[in-house]
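Visitor: Residue numbers (the numbering used here), protein chains in the order written: chain Y, 1041 to 1357; chain C, 0 to 287.
Quick one: this structure, given as structure tokens, is what I'll be asking you about.
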Amino acid sequence: MIFLEFEKPLEELYDQLARIQEIGSKGDVDVSATVDSLEKKIKQTRRDIYSSLNGWQRVQVSRHPERPYTQYYIENMCRKFVELHGDRAYGDDKAIIGGLGTLDGQTVMLIGHQKGINTKMRQYRNFGMANPEGYRKALRLMKTAERFDIPVVCLIDTPGAYPGIEAEERGQAEAIARNLFEMAQLKVPIICIVIGEGASGGALGIGIGDRVLMLENTWYSVISPESCSSILWRSWEHKEKAAEALQLTANHMLEFGIVDGIIKEPGGAAHLQPEEMAKQLKRRIKKELAEIKEMDVDTMIDARIEKFAAIGEFQEA
Amino acid sequence: MGWFKRLREGIQTSTRNKMEAPDGLWYKCKSCKETTRTKEMKEQFWVCPHCDYHVRIGSGAYFEIFFDAEPTYLFEELQSKDFLKFTDLKGYDERLEAAQKKTNLTDAISVAHGKVNKRDLVICAMDFSFIGGSMGSVMGERISRAIDYCIEQNVPLMVISKSGGARMMESAFSLMQMAKTSAKLTRLAKAKIPYFSFLTDPTTGGVTASFAMLGDMNFSEPGALIGFAGPRVIKETIKRDLPEGFQTSEFLLDHGFLDFIVHRRDLKERMSDILFMFDKASQAEEAA
């Protein structure tokens, strides 16, 4: 088990539990009562910790190494899934995956950022940072879905679009811009869910939908707290302050009207009960899809455009 | 034999005591370091006559270049506010106030409706001097309203981008302006109203990754920096030097993301030609 810095009290309790269980396993003493009370204490402590996380702590949870990624959700939500590769122009980006899947018999096009589950895979997936071909693959799949009246589900989890030489050569900016433009007028329902990190244009590039939802411990921002700290405070040290100033948590986003809903993470964090998390995610997607499908296509697109057009805070002097 | 004799070699005046050339009189080129009379620079549209370097200019200067006469400014009543109480080393409200004072502008983008060789055009032009031309809610709303206005009045739209990207002090709201403007542009496209994106030095970040790359035509001036990620960020990520000419307008043209590069002195004529080609009424008139 991996503990984050603010989970220290939990780590100590787990240590105690392990020691007691070891004593118990030697068979001399009955430890069941102590184990019970410790387990209760762990549950309570976890609840306490997770119910009052600050911005920076949620950023850490969103990056927890055991947190489920797109592929996990697809495998757990879909009985059938066919992964589809490539943008048909340059190559196949490994940081964005996509394909046709079934949610209790209903076909959907699933697209999402994919991070690696170990060091080797993290490199293979480029840490979830897509290149232009990733965004173009995503758009190609959406266009396919549109042709066959299949709804689109996007799972967002990226520290940002990749800032590299080749990415610029192949038009990172154009690829993201094109997706914003095309997703705004796609003729099938789109549901976007931030399942981990929602950093900047790299997240938004698959983030235009009729519903934009966030898991409880995720964040959405124009810039990561670290980069914000380095630019505005001119040092990496102020990431906690930056996280607070950016007001980037799911609760903030809902309050601002930037997202349409929050999906609770069972047990406090998605990585604690990932199967249950996947179940709830699926339930929510199905519910939202059913609602959107009530609308006719033109009304749906108009509402989608109006939703984003309404975002902004200013005064009229 | 001279009247004066130099006793000590070299220049003795320290930099601190050197006389500054008055701002209004001479202009020293950032690129070739040659000096030119300000009056001449103005006549040359702020392009260095020695090396062709295009000096960064503001919205007012571009309006002067394109429009036949003083245009009508639109949506000036929209003002930014510090709704998140965002404070880094300085408060956002302080930054806004300082920027407005310094630039005499209401925000980093100005919208104006005027005529280019007698043809209507709405231009949204950015000012880098206003918090780096950063995109906040006001920029998004002004562009959004300009789009509505162009559809209503059936007038083509041009956006002159000059921006470091999204305005961090408006957090996710600034990010969402990318979505907002791009979504609204679908309506302009549906109404078959031409949209011209003119990317000037520098255009990076969220501005490039939204409306700036979505023009029916994308064009730029020579030597402009245009990119998604800033050069410093890329350098830090890949940990090696960037190739020469990387992320210049010439680089973008070469990689297929610009339609053309145009010298500043030809801007108005080029735009005028294009507006004619999209204007069926003028064409019929000329054919008759």
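Where a beta carbon is used, it is the ideal one built from N, C-alpha and C, also for glycine.
#1: So does the segment 1192-1211 of chain Y actually touch the segment 232-246 of chain C, counting three or more Cβ pairs closer than 8 Å?
#2: Checking 8 Å against the spacing of the C-beta atoms, do valine 1148 (chain Y) and valine 1075 (chain Y) come in under that value?
#3: Across which residues does DSSP place glutamine 1146 (chain Y) in a beta bridge pair?
#4: Just the Cα atoms here: how many angstroms apart are alanine 1129 (chain Y) and leucine 73 (chain C)?
#5: Would you call the segment 175-188 of chain C in contact with the segment 1185-1201 of chain Y, where contact means no fewer than 3 C-beta pairs closer than 8 Å?
#6: Start and end of the alpha helix (DSSP H) containing glycine 1095 (chain Y)?
#7: With a threshold of 16 other CB atoms inside 10 Å of the CB of glutamine 1111 (chain Y), please say whether the residue is buried or exposed.
#8: Using a Cβ cut-off of 9 Å, pull out every chain Y residue sitting near phenylalanine 172 (chain C), in sequence order please.
#9: Quick one: grab the DSSP three-state call for glycine 1152 (chain Y).
#10: Are at least three pairs of beta-carbons, each pair with one atom in the segment 1266-1273 of chain Y and one in the segment 1299-1314 of chain Y, less than 8 Å apart?
#11: At the 8 Å Cβ level, is isoleucine 142 (chain C) part of the contact set with chain Y, yes or no?
#12: Does any residue of chain C have a CB that is nearer than 8 Å to the CB of glycine 1236 (chain Y)?
#13: Is it buried or exposed for lysine 279 (chain C), if we count other Cβ within 10 angstroms and need 16 for buried?
#14: Comparing C-alpha positions only, which one of Y:Ile1231, Y:Ile1042 and Y:Ser1072 sits nearest to glutamate 1106 (chain Y)?
#15: Quick check on the DSSP output: the beta strand (DSSP E) that includes glutamate 1356 (chain Y) runs from which residue to which?
#16: Which chain Y residues are close to lysine 80 (chain C), counting only those with a beta carbon under 9 Å from its beta carbon?
#17: Is DSSP giving phenylalanine 218 (chain C) helix, strand or coil here?
#18: Are the segment 110-125 of chain C and the segment 82-92 of chain C touching, with three or more C-beta to C-beta distances below 8 Å?
#19: For histidine 254 (chain C), go through chain Y and note every residue whose CB falls closer than 8 Å to its CB, in chain order.
#20: Is it a yes or a no for the segment 131-143 of chain C touching the segment 48-64 of chain C, going by three-plus beta-carbon pairs under 8 Å?
#21: Whether or not the segment 240-253 of chain C and the segment 265-283 of chain C are in contact is what I'm after, with contact meaning three or more pairs of Cβ atoms, one per stretch, closer than 8 Å; do they touch?
#22: Taking 8 Å as the cut-off, decide whether the C-beta atoms of glutamine 78 (chain C) and threonine 105 (chain C) are in contact.
#23: Secondary structure at serine 1065 (chain Y), three-state DSSP: helix, strand or coil?
#24: What does serine 209 (chain C) reach in chain Y if we use C-beta pairs closer than 7 Å?
#25: Kindly list, in the order they appear in chain C, the residues whose Cβ is closer than 7 Å to that of glutamate 1214 (chain Y).
#26: Going along the chain, which residues of its own chain have a beta-carbon closer than 6 Å to the beta-carbon of arginine 1103 (chain Y), five neighbours each way excluded?
#27: Going along the chain, which residues of the segment 1180-1207 of chain Y sit with their C-beta nearer than 9 Å to a C-beta in chain C?
#28: Using a Cβ cut-off of 7 Å, pull out every chain C residue sitting near methionine 1293 (chain Y), in sequence order please.
#29: For phenylalanine 1221 (chain Y), which residues in the same chain have their Cβ closer than 8 Å to its Cβ, ignoring the five residues on either side in sequence?
#30: With a threshold of 8 Å between beta-carbons, can isoleucine 1246 (chain Y) be considered close to chain C, or not?
#31: With 16 as the cutoff for other CB atoms within 10 Å, does phenylalanine 3 (chain C) come out buried or exposed?
#32: Is DSSP giving proline 1172 (chain Y) helix, strand or coil here?
#33: Chain C beta carbons: is any one of them nearer than 8 Å to that of cysteine 1268 (chain Y)?
#34: Tell me whether the segment 207-216 of chain C and the segment 60-68 of chain C touch, counting them as touching only if at least three CB pairs, one residue from each stretch, are closer than 8 Å.
#35: Inspect the beta-carbon positions of phenylalanine 44 (chain C) and glycine 1211 (chain Y) and report whether they are closer than 8 Å.
#36: Is the separation between the beta-carbon of threonine 37 (chain C) and that of glycine 23 (chain C) shorter than 8 Å?
Guide: Once the coordinates are examined:
#1: A contact exists between the segment 1192-1211 of chain Y and the segment 232-246 of chain C.
#2: In the first sequence, the residue the question calls residue 1148 (chain Y) occupies position 108. In the first sequence, the residue the question calls residue 1075 (chain Y) occupies position 35. Result no, Cβ atoms of valine 1148 (chain Y) and valine 1075 (chain Y) do not sit closer than 8 Å.
#3: Position 106 of the first sequence, counted from the first residue, corresponds to residue 1146 (chain Y). DSSP, once it has assigned bridges, lists Y:Leu1143 as partnering glutamine 1146 (chain Y).
#4: By one-based count along the first sequence, residue 1129 (chain Y) stands at place 89. By one-based count along the second sequence, residue 73 (chain C) stands at place 74. Computed Cα separation, rounded: 42 Å.
#5: No: the two stretches stay apart, fewer than three of their Cβ pairs being nearer than 8 Å.
#6: Along the first sequence, one-based indexing puts residue 1095 (chain Y) at 55. DSSP places glycine 1095 (chain Y) inside the alpha helix (DSSP H), whose first and last residues are 1095-1102.
#7: Indexing the first sequence from 1 puts residue 1111 (chain Y) at position 71. Under the 10 Å beta carbon count, glutamine 1111 (chain Y) is surrounded by 16 or more other beta carbons and is classified as buried.
#8: By one-based count along the second sequence, residue 172 (chain C) stands at place 173. The contacting residues are Val1262, Phe1296, Ile1298, Ile1351, Gly1352 and Glu1353.
#9: For the purposes of this step, residue 1152 (chain Y) is taken as residue 112 along the first sequence, with counting starting at 1. In the three-state reduction of the DSSP assignment, glycine 1152 (chain Y) falls in the strand class.
#10: Flag = no, the segment 1266-1273 of chain Y and the segment 1299-1314 of chain Y do not touch.
#11: Position 143 of the second sequence holds residue 142 (chain C). Not closer than 8 Å to any Cβ of chain Y, the Cβ of isoleucine 142 (chain C) fails to qualify, so no.
#12: Taking the first sequence and counting its residues from 1, one reaches residue 1236 (chain Y) at position 196. Closer than 8 Å: no.
#13: Here residue 279 (chain C) refers to the residue found at position 280 when the second sequence is read from its first residue. Counting Cβ neighbours within 10 Å, lysine 279 (chain C) comes out exposed, since fewer than 16 surround it.
#14: Here residue 1106 (chain Y) refers to the residue found at position 66 when the first sequence is read from its first residue. When each option's Cα is compared against that of glutamate 1106 (chain Y), the closest is Y:Ile1042.
#15: Locating residue 1356 (chain Y) in the first sequence gives position 316, where the first residue counts as 1. That run of the beta strand (DSSP E) goes 1354-1356.
#16: Against the second sequence, residue 80 (chain C) aligns to sequence position 81. What lysine 80 (chain C) touches in chain Y: Glu1353, Phe1354 and Gln1355.
#17: Taking the second sequence and counting its residues from 1, the one referred to as residue 218 (chain C) is at position 219. DSSP places phenylalanine 218 (chain C) in strand when its eight states are reduced to three.
#18: Contact between the segment 110-125 of chain C and the segment 82-92 of chain C is absent, because fewer than three Cβ pairs lie under 8 Å.
#19: Locating residue 254 (chain C) in the second sequence gives position 255, counting from the first residue. Those within 8 Å of histidine 254 (chain C) in chain Y are Glu1209, Arg1210 and Gly1211.
#20: With the cut-off at 8 Å, the segment 131-143 of chain C and the segment 48-64 of chain C do not touch.
#21: Here the segment 265-283 of chain C makes no contact with the segment 240-253 of chain C; the two share fewer than three CB pairs at distances below 8 Å.
#22: By one-based count along the second sequence, residue 78 (chain C) stands at place 79. By one-based count along the second sequence, residue 105 (chain C) stands at place 106. Contact flag set, yes.
#23: The residue you call residue 1065 (chain Y) lines up with position 25 of the first sequence. DSSP places serine 1065 (chain Y) in helix when its eight states are reduced to three.
#24: Your numbering for residue 209 (chain C) matches position 210 in the second sequence. Simply Ala1217 and Leu1220.
#25: Counted from its first residue, the first sequence places residue 1214 (chain Y) at position 174. Below the 7 Å Cβ cutoff, chain C contributes Met212 and Phe256 as neighbours of glutamate 1214 (chain Y), in chain order.
#26: On the first sequence, residue 1103 (chain Y) is found 63 positions in, with the first residue counted as 1. If we look at arginine 1103 (chain Y) and ignore the five residues flanking it on each side, it has no Cβ neighbours.
#27: Among the residues of the segment 1180-1207 of chain Y, those with a Cβ less than 9 Å away from any Cβ of chain C are Gly1200, Ala1201, Tyr1202, Pro1203, Gly1204, Ile1205 and Ala1207, in the order of the chain.
#28: Reading the first sequence from its first residue, position 253 is the one you call residue 1293 (chain Y). When 7 Å is used as the limit between beta carbons, methionine 1293 (chain Y) is near these residues of chain C: Ala171, in chain order.
#29: The residue given as residue 1221 (chain Y) occupies position 181 in the first sequence. When the five nearest sequence neighbours on each side are left out, no beta carbon in the same chain lies closer than 8 Å to the beta carbon of phenylalanine 1221 (chain Y).
#30: Start at 1 with the first residue of the first sequence, and residue 1246 (chain Y) comes out as number 206. Chain C contact via Cβ: absent.
#31: Start at 1 with the first residue of the second sequence, and residue 3 (chain C) comes out as number 4. It counts as exposed.
#32: As a working mapping, residue 1172 (chain Y) is identified with position 132 in the first sequence. Of the three classes helix, strand and coil, the one that applies to proline 1172 (chain Y) here is helix, per DSSP.
#33: Here residue 1268 (chain Y) refers to the residue found at position 228 of the first sequence. Cysteine 1268 (chain Y) counts as touching chain C.
#34: Result no; under three Cβ-Cβ pairs closer than 8 Å.
#35: By 1-based counting over the second sequence, the position of residue 44 (chain C) is 45. By 1-based counting over the first sequence, the position of residue 1211 (chain Y) is 171. Here phenylalanine 44 (chain C) is not near glycine 1211 (chain Y), since their CB atoms are 8 Å or more apart.
#36: One-based indexing of the second sequence puts residue 37 (chain C) at position 38. One-based indexing of the second sequence puts residue 23 (chain C) at position 24. With contacts defined as CB atoms closer than 8 Å, threonine 37 (chain C) and glycine 23 (chain C) qualify as a contacting pair.
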